[in-house]
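Position one of the sequence shown corresponds to residue 790 (this note's numbering), numbered consecutively onward. All C-beta atoms, glycine included, are put in the ideal place defined by N, C-alpha and C. Just so we're clear, the structure is a prediction, and the values are computed from it rather than from any experiment. Before any comments, here is the structure.
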Amino acid sequence: MTKSVDVSVIVPVYNVEKYIRVCLNTLVHQTLSNIEIIVVNDGTKDDSQKIIDEFSSLYPDKIIALKKENGGLSDARNYGLEHASGTYVGFVDSDDYTDVEMYQKLYEKAKQENADIVVCGYYGVQEQNGQFRHFQKGNLQEFDKSLQENPRLLYMNSTYAWNKLYRRELFMKTGIRYPKGCLYEDMAVTWTLFLHANKISKVDEPLYYYILKREGAITATYSSKTLQMFQSMELVNTYYKKQNAFDQYQDILCFLNLKHMLLRFQDFPGYHNLSLKRAMINTGFNHMNRNFKSWKTNSIFFQDVYKNRRIKHMVPYKAFWYLYMFVPKSALTCLKAVKKTVSKCKRLVSKRSYITRYTYHAYCKKYPVIKGQALIESFQGKTVSDSPFYIALQLQKKVNKIYIATTEKNRLEHEKLLKEHGLETTILVPVYSKAYQMALATSEILVNNVTFPPYFIRRDEQVYLNTWHGTPWKTLGKKMKNGIQDMSNIQRNFLQSSTLLFPNVFTKQRMMEDYNLTNLFTGVSYTAEYPRNLVFHDHEKTIAIKKRYGAEN
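Okay, here's the thing in structure tokens:
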């Protein structure tokens, strides 16, 4: 009796001897044991078959090696489907590779949700330098639904076949196959299968490594074959019409067609074939006019996804793209550099990091420290809470003036809270404002449970108490990934402090060690209960809180 297979992974192979060993190595070591790897030699002309034979002999229980005449990626995938026996099927391009837990995680999610399709995130890998970044992250709340329940799933997912797991029966009952001899074949299958899936779920992790613009890859070049994209989109539109679903999903299909057309248009500066660019524009506009009469006002494109992009105003005009096709890549590169510089300047101004630095130092030089004045800050002004808040309650009887850091967003909420606790005489100052800089420069007493800005330097007349906000049951400082470069301002703040307050010996040891404070910190450190815990010893306060919320019993 033939053993049932959980997942069949189909790997088309054509002239990838440089990459296939890494690809197959990640597949034969998948943590999902009940898996078959169907490797389809699509008439390869290099030595890829030798590597396939090597893996086939080493892993005969996992590798199914097939050979066929060259027919292209779609034909090879369809050929693999004919030989697949798994409950679910996945596809891997032989010049890419996977996380070894990819198919276990996708399969477990599929079983858990009884989903026809499960997707995951992926890494885009730069072959030249090995750098990579994460794509298709987040939006979990949109998943575990069918397309009928959430049409947004159509445009929230990439069209790629390889970051997905499909129930094999979905192919069998619909008869959907990859279109032979057509580039951008993933569109024609992914978008049509989505229409029939009972549920589309997601594993929110990058589990696939996609090599970006591999040398020699057809989709990394710009040729007459690029026009086949419109053929694939036409197949999708026609299929939805035959399924009487086109009207229901017309706005989303219009957005997808428009988006992919523009992605090709935006590549114009990198290529020199003007006749091909002109053909792309004419074919694209004819395609949109034929399928979507009101595409120039598509709400998803113009009011949602691209609402803040200036280019949206130019999109509907063929004349704009005729002009754009003459723009050289050098001009576009220069324009991007200018935009990047302008954006950086805007960010610096908005954060006011440089402006406030000089304002703060000017105040330190010009104004003396004021006795009996305090600045209290908790979590960069995002809250009025924790130990700094309870220290403020005690200080109001002993100092002349208390400033409390806040944010503009939370100011009204904080005013109400301070009034409730009898701190209405305190003065709220927005973090990084001029008033904040003045308070930071001139207050005798400074209290914080995280850090003051990197430009802060404690003056001789100032007293700085840092009451860190918790007991570290996690890695901190130099023990964190990238911790050395990220710990500098925290370490500076600890070393600037007059007094460090720790709730226990464990926390003190961890903080001193993880932030390299041992033998460097010259202030005083105390081990005592955090001021915020005093509320638990206030019996009258406990009764008042219970009464306020109707929980006396």
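Distance between beta carbons of residue j and residue i, contact taken as under 8 Å
| i | j | result |
| --- | --- | --- |
| A1034 | L984 | 6 Å |
| D885 | Y997 | 7 Å |
| L1306 | F1325 | Actually they are not in contact, since the Cβ atoms of L1306 and F1325 sit about 29 Å apart, beyond 8 Å. |
| I986 | I906 | Sequence inspection shows Ala at residue 986; the Ile mentioned does not correspond to that position. Right, their Cβ atoms sit about 5 Å apart. |
| P852 | V828 | Here residue 852 turns out to be Ile, not Pro, going by the sequence shown. Their Cβ separation, rounded to whole angstroms, is 6 Å, which keeps I852 and V828 in contact under 8 Å. |
| N1293 | T1260 | 7 Å |
| M1018 | L972 | 7 Å |
Contact under 8 Å by Cβ, residue i with residue j
| i | j | result |
| --- | --- | --- |
| V881 | L816 | yes |
| V1173 | I1193 | yes |
| S1222 | L1164 | no |
| Q925 | S947 | yes |
| G879 | K969 | no |
| Y1218 | Y1225 | Going by the sequence as given, residue 1218 is Val instead of Tyr. Cβ atoms of V1218 and Y1225: closer than 8 Å. |
| Y765 | S1277 | Given that the chain is displayed from residue 790 to residue 1342, the structure contains no residue 765 and the question cannot be resolved. |
| K898 | E994 | no |
| S990 | E902 | yes |
| Y911 | Y967 | no |
| L1024 | V1104 | no |
| A1230 | Y1149 | yes |
| L1212 | A1181 | yes |
| I841 | V796 | no |
| E974 | S863 | yes |
| I965 | A873 | no |
| N867 | G832 | no |
| D933 | K988 | yes |
| V754 | G875 | The requested residue 754 does not occur in the structure, where the chain is confined to residues 790 to 1342. |
| D1036 | N1087 | no |
| E1341 | K1335 | yes |
Distance, residue j Cα to residue i Cα
| i | j | result |
| --- | --- | --- |
| D1056 | N1062 | 12 Å |
| G1005 | Q1032 | Only weak support exists for where G1005 lies, its pLDDT of 49 falling under 50; the coordinates are left without a value. |
| L1323 | T1214 | 22 Å |
| L1001 | V914 | 6 Å |
| R1247 | K1048 | 54 Å |
| E938 | E931 | 10 Å |
| H1258 | E843 | 57 Å |
| E958 | E825 | 17 Å |
| G1312 | L954 | 58 Å |
| M960 | Y892 | This sequence places Phe at residue 960; Met is not what is there. Going from the Cα of F960 to the Cα of Y892 covers about 19 Å. |
| S935 | I1332 | 50 Å |
| S1308 | Q1280 | The displayed chain sequence assigns Asn, not Ser, to residue 1308. Looking at the two C-alpha atoms, the distance is approximately 13 Å. |
| T979 | F1109 | 32 Å |
| V1220 | Q1251 | 19 Å |
| K1160 | Y1244 | 22 Å |
| E1209 | T1316 | 31 Å |
| M1077 | Q838 | 43 Å |
| Q1183 | E1318 | 15 Å |
| Q1298 | E1166 | 24 Å |
| I1007 | S1013 | Its pLDDT being 43, under 50, I1007 is placed unreliably in this model, and the value from its coordinates should be taken loosely. Rounded to whole angstroms, I1007 to S1013 spans 11 Å at the Cα level. |
Bridge partners - residue i, DSSP secondary structure assignment
| i | result |
| --- | --- |
| R922 | G913 |
| G879 | V798 and L954 |
| T887 | Y997 |
| P1219 | T1195 |
| Q1162 | K1190 |
| V1173 | According to DSSP, which records beta bridges pairwise, V1173 is partnered with nothing at all. |
| N1293 | Per DSSP, none; premise fails for N1293. |
| L1254 | V1236 and T1288 |
| L855 | V829 |
| I906 | Y955 and I989 |
| I824 | V796 |
Short CB-CB distance (under 8 Å) between residue i and chain B
| i | result |
| --- | --- |
| C1043 | As a matter of chain content, chain B is missing from the structure shown, which is built from one protein chain. |
Where residue i sits in the DSSP three-state scheme
| i | result |
| --- | --- |
| I1041 | helix |
| P995 | strand |
| E1329 | helix |
| D831 | strand |
| E1233 | strand |
| N1033 | coil |
| L816 | helix |
| G1005 | Confidence at G1005 is low in this model, with a pLDDT of 49, below 50, so its placement is unreliable and the value that follows should be read with caution. DSSP places G1005 in coil when its eight states are reduced to three. |
| V1313 | strand |
| M790 | With a pLDDT of 42 at M790, under the threshold of 50, the predicted position of this residue should be treated as unreliable, and no value is reported. |
| K1082 | coil |
| K898 | helix |
| I1246 | coil |
| K934 | strand |
| H1210 | coil |
| D842 | helix |
| K1107 | helix |
| V978 | helix |
| Q1017 | helix |
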